[in-house]
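Everything below concerns the one structure shown next.
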Amino acid sequence: MTQMSDEQFRIFIETIKSLGPIKEEEPPSKGSFNNCTVRFSGQRDHDAVDEFITAVETYKEVEGISDKDALKGLPLLFRSIAVVWWKGVRRDAKTWPDALQLLRDHFSPTKPSYQLYMEIFETKQAYGEVIDSFVCKQRALLAKLPEGRHDEETELDFIYGLMQPKYRESIPRHEIKTFRELLDRGRNVERTRY
């Protein structure tokens with residue numbers, strides 16, 4: 027038996043590689059949406075659509091469902107008007123991302139920025155509302171604005187001005203640089219002051 031030199035081996039490998047392209051096929055699916063309990067009924071609600079898509083994407087990933095099989099199984103998760111809608115658009119959904127985009131476009135139209143700002147600034151922290159809950163809701167609204175619209179410092183300014191006076195009196199704005207700091211200090215106010 028003869029041995030190949032390193033150079034011969036390299037040439038041999040390159041020759042094999044050049045003989046045919048390696049097809050990168052999608053791995054076979056390990057699961058389906060049969061046991062997925064998440065359902066969507068077709069409500070025109072941004073949060074409901076986001077929750078549905080997040081849950082379905084997570085389930086798909088955990089169960090190892092391929093994009094192709096996910097696209098085939100998506101109608102299993104629809105109810106009511108969503109079923110009727112899907113029958114009309116399924117031919118337009120050539121890929122899994124296409125299907126999710128169609129879902130977003132139809133049931134979760136993006137609110138214009140001015141409407142989001144109105145919601146943000148008309149929602150002051152309610153008396154007795156804990157800081158975690160208030161900041162969480164406000165940040166969710168801010169997240170709906172176009173990406174990169176405001177830095178964290180500006181978002182802190184928005185939210186700080188809407189907080190209950192007991193927090194603003196105990197937490198000077200200039201001492202807060204991040205939401206984490208605001209929440210830590212706010213929790214401390216809740217524990218010690220009231």
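Just so we're aligned, residue 27 is where the sequence shown starts under my numbering, counting upward by one.
By construction, the Cβ of each residue, glycine as well, lies at the ideal position given by its N, Cα and C atoms.
Small disclaimer: the values here were computed from a predicted structure and weren't measured.
| Item | Value |
| --- | --- |
| Rounding to the nearest angstrom, what Cα-Cα distance links S67 and L182 in this structure? | 36 Å |
| Determine the direct distance from the alpha carbon of A74 to that of G114, and round the result to whole angstroms. | 21 Å |
| Can you name, in chain order, every residue of its own chain whose Cβ lies under 7 Å from the Cβ of I185, other than the five neighbours on each side? | V161, Q164 |
| Please report how far the alpha carbon of E216 lies from the alpha carbon of G99, in whole angstroms. | 47 Å |
| Report back the beta-carbon spacing between S139 and P172 to the nearest angstrom; my notes put them in contact at under 8 Å. | 7 Å |
| Can you find a C-beta in chain D that's less than 8 Å from the C-beta of K163? | The structure shown contains no chain D, having only a single protein chain. |
| Kindly indicate the opening and closing residues of the alpha helix (DSSP H) around M144. | 139-148 |
| E178: which of Q151, R206, K137, I157 sits nearest, CA to CA? | R206 |
| Could you check what DSSP says for F78 in three-state terms: helix, strand or coil? | helix |
| Measure how close the beta-carbons of R65 and L103 come, nearest whole angstrom, since I'm counting them as under 8 Å. | 6 Å |
| When you compare only the Cα positions, how much space is there between D76 and R199? | 32 Å |
| Quick check: the Cα distance between I211 and F147, rounded to an integer number of angstroms? | The identity of residue 211 in the sequence shown is Arg, whereas the question assumes Ile. Computed Cα separation, rounded: 22 Å. |
| Just tell me which of I157, L142, E155, V82 has its CA closest to the CA of L168. | L142 |
| Provide the residue span of the alpha helix (DSSP H) that contains R217, from first to last. | 205-218 |
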